[in-house]
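The block underneath contains the structure these notes are about, expressed in structure tokens.
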């Protein structure tokens with residue numbers, strides 16, 4: 136099983152970016168999918184999470200600006216980021232709890248860099 140993230144880049148404050156993360160491999164079922172981020176010198180933090188039936192939760196700093204969504208047919212999770220701020224600058228990682236033929240565990244994507252300039 137692999138997670139492949141895409142969509143990061145450089146954007147000015149107030150702009151938007153959309154991240155995507157596709158899971159592939161011997162997948163039986165995907166449970167929660169999530170986005171984390173890690174800025175230099177900080178711990179990795181949960182940004183947003185979405186359950187298999189679409190329930191979502193967000194860290195307070197992104198509520199009203201970011202939207203997490205998933206396409207179960209494509210095994211893909213998205214993060215729409217609007218009204219970006221310089222403090223959103225970080226490497227963003229997707230995460231998914233996946234049941235495969237070898238068991239259930241969490242998987243991580245490779246990380247995609249988001250840079251927001253002021």
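Numbering (the numbering used here), first residue to last: 136 to 253. All residues carry an ideal CB built from backbone N, CA and C; glycine is no exception. Owing to the predicted nature of the structure, the values given are computational and were not obtained by experimental measurement.
Nearest to residue i (by Cα), restricted to the options the options
i: residue 199; options: 186, 189, 207 and 219; result: 219
i: residue 237; options: 164, 142, 169 and 139; result: 164
i: residue 212; options: 177, 195, 197 and 186; result: 186
i: residue 214; options: 148, 222 and 170; result: 170
i: residue 148; options: 216, 234 and 231; result: 216
i: residue 221; options: 137, 138 and 144; result: 144
i: residue 202; options: 245, 155, 224 and 239; result: 155
i: residue 146; options: 224, 231 and 234; result: 224
i: residue 231; options: 189, 252, 209 and 166; result: 166
i: residue 138; options: 239, 252, 233 and 195; result: 233
Residues that DSSP places opposite residue i in a beta bridge
i: residue 206; result: 211
i: residue 180; result: 172
i: residue 238; result: 235
Per-residue burial, residue i [other beta carbons within 10 Å of its own, 16 or more giving buried]
i: residue 168; result: buried
i: residue 172; result: buried
i: residue 205; result: buried
i: residue 208; result: exposed
i: residue 189; result: exposed
Proximity below 7 Å, CB of residue i to CB of residue j
i: residue 174; j: residue 229; result: no
i: residue 249; j: residue 227; result: yes
Inset, instruction - Decide if the region 146 to 161 is in contact with the region 177 to 184; the criterion is three or more beta carbon pairs, one per stretch, under 8 Å apart. - result: no
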